[in-house]
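Read the structure below first, then the notes.
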Amino acid sequence: MTENTKTGLALALEDWRILINDDWRSLAVALYMVLIGYGVLVGIPVISTAWVTKLGFTEVEVGRVAGMDLGGLSAGAIVTAWIINRVNRRILVFIGIIIAVVANGMCLKYVDYDTVLWLRFSAGFGSGMYTAVAVAIFGMSIRPALAYNLMLFSFAFSQALEMRILPQLSMNGIYWVFIGCFLATIPFLKWIKSYPKTRPVEERSSTNDSNARYALFLPWICLFAIFLTYINIGAYWTYIELAALESNTNPNLVSEVLVWASLCSLLGCLIATLLSNRFGLLRPLLIALFTMAMGVGMLAFGINEPRFLMSVFTFNLLWIFTDVYQMGSLANFDNGGHYAAYLPAAQGLGQIVGPNLAASLLGLSFGYQSVFIMCWCAAMMAMLIYWLLYRYLRKQHPSIADAS
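Per my numbering, residue 78 is the first one in the sequence shown, and the count goes up by one each step.
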C-alpha cells in the first residue's frame with residue numbers, strides 16, 4: 078500500500094469519525110426521514126404501474142398523478158425552506174407527517190383520477206415538509222458532503238427494497254406502508270434539534286469558509302442544474318417500466334432488472350467517492366451526466382432486451398453517482414444548510430415537469446421515443462450548465478473548481 082493510499086484512508090476514516098460524533102441521533106433520524114420522504118420518488122416505476130393495473134389510470138394520467146405527487150414534494154420543501162430557521166423544526170416535521178398520513182389515508186377510499194390527483198399533491202406536500210427538514214439537518218453537519226454520500230448510499234438499499242416489496246402489495250397496501258413509515262417517526266422527534274445551531278467558524282469546512290461570499294450566486298446555479306437533471310430522472314423513472322412492457326419485454330425480466338439495477342447505486346456511490354477524492358466534484362460530474370444522457374437516449378431508437386438492460390443499469394449506476402457530485406457541490410457553496418432545504422424543491426420541481434412533459438408527448442401520440450429524447454435533452458442541458466460553471470471557476474477561483 079502506497080503512502081498516498083494510506084494517507085487517503087486515514088483522512089477518510091477521520092472524516093467518518095467526525096461525522097459519527099456530529100450529533101449521531103439527529104443524523105440517524107434524518108437519514109430515516111429522507112429514505113421515507115423520497116419513497117415515492119425512488120419507487121415511482123412500480124407505483125406508476127400499480128396506478129395503471131390496479132386503478133385503471135391511463136399512461137397520460139399516470140404522468141399527471143406522478144407529477145402532482147412529486148410537485149407537492151417541491152412545494153412543501155419550498156415553503157419549509159422559507160420558514161425553517163424561524164419555526165420549530167419538530168413542529169414542521171409533525172405537520173408534514175399529519176398532512177402526508179391524512180392524504181395517503183384518503184387515497185384508501187377515493188380512487189377516481191380527479192380526486193387522487195389532488196390527494197397525491199397533498200401527500201407530496203407533507204412529504205416535502207418532512208424531507209426538507211431532514212436534508213437541512215445533513216447540510217448543517219460538519220461534513221455535509223460526506224453526510225449526503227451516506228444518505229445516497231442508503232438509497233440503494235431502500236430503492237431495491239421498494240422494487241422487491243411494493244409490486245407484491247395491493248394499491249391500498251402500498252399506501253399503508255407509507256402511512257406506517259411516516260407515523261414511525263413520531264417517537265423520535267425529540268432527536269431533531271428545534272432550531273439550527275450556529276457552528277463556530279473553525280468547525281466549518283475550509284472550502285465553505287473561503288467561499289462564503291459566493292453563497293448567493295453559486296448555490297442557485299447548482300439548484301437549477303439539479304432541477305434539469307431531475308426532469309430527466311422524473312420522466313425516465315416514471316415511464317421506463319411501462320415503456321418496456323409496451324415493447325413486449327419479458328415482464329419478469331423487467332421486474333428483476335429494476336431490483337438488481339437499483340443495487341448499482343451502491344457501486345455508483347463508491348466510485349463517485351473515490352473519484353471525487355482524486356479529481357474533485359465537477360469534472361467527474363460532467364462525464365457522468367454525458368454518459369447518463371447516452372444511456373437514456375439510446376432508447377429513442379427502440380427498446381429491446383439488450384438496450385433495456387444497458388440503459389437501466391447505466392441509469393441506476395449514474396443516478397446516485399451524479400447526486401453525490403451535485404449535492405457535494407451544493408454543500409461546498411452552502412454555509413449552514415440554508416440552501417440544502419431547497420434541494421427537495423429542486424428535485425420535486427424537476428419531477429413534476431419531467432413526467433408532465435412526458436405525459437404531454439404521449440398525449441400527442443409521439444410515443445415513448447420522444448420521451449427518451451426529452452430526457453436526453455434535459456441531461457445534456459444540465460451538463461452544459463455545470464461545464465460553464467466549471468470553466469468560470471477554473472478561471473476565477475481554481476481552488477473551488479476542483480474541490481471535493
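C-beta: ideal position from N, C-alpha, C; glycine also.
The region 292-311 makes contact with the region 425-432, as at least three CB pairs between them are under 8 Å. Distance from Phe265 to Val106 at the Cβ level is roughly 5 Å; contact confirmed, criterion being Cβ atoms closer than 8 Å. Scanning its chain for C-beta atoms nearer than 6 Å, with the 5 sequence neighbours on each side dropped, one finds around Val117 the residues Asp146, in chain order.
Annotation for Val430: the continuous alpha helix (DSSP H) segment containing it runs 420-440.
With contacts defined as CB atoms closer than 7 Å, Ser235 and Leu112 qualify as a contacting pair. The count of Cβ pairs closer than 8 Å, one atom from the region 120-138 and one from the region 187-202, reaches three, so the stretches are in contact.
Below 8 Å, enough C-beta pairs join the region 373-386 and the region 321-328 to call them touching: three or more. In this structure, Met404 keeps its C-beta atom at 7 Å or more from the C-beta atom of Tyr207. Here the C-alpha atom of Arg355 lies approximately 42 Å from the C-alpha atom of Val139.
By the 16-neighbour rule on beta-carbons within 10 angstroms, Pro361 is buried. Contact annotation: Val254 and Arg197 have beta-carbon atoms that are not nearer than 7 Å.
For Phe230 and Ser437, the gap between their C-alpha atoms comes out near 34 Å. Ser271 counts as exposed, since fewer than 16 other beta carbons sit within 10 angstroms of its beta carbon. Relative to the Cα of Leu227, the nearest Cα in the group Arg471, Tyr402, Asn433 belongs to Tyr402.
Here Glu333 is exposed. Its C-beta has fewer than 16 other C-beta atoms within 10 Å.
Cβ atoms of Leu352 and Ser406 stay farther apart than 8 Å, at about 14 Å. Setting aside the 5 residues that flank it on each side, Thr368 is surrounded in the same chain by Thr391, Leu395, each with a C-beta closer than 8 Å to its C-beta; the list follows chain order. Linking Met248 to Leu470 through their CA atoms gives a straight-line distance of about 48 Å. With contacts defined as CB atoms closer than 7 Å, Gly120 and Gly153 fail to qualify as a contacting pair. Residue burial is scored here from C-beta neighbours: Asn433 has at least 16 other C-beta atoms within 10 angstroms and is therefore classed as buried.
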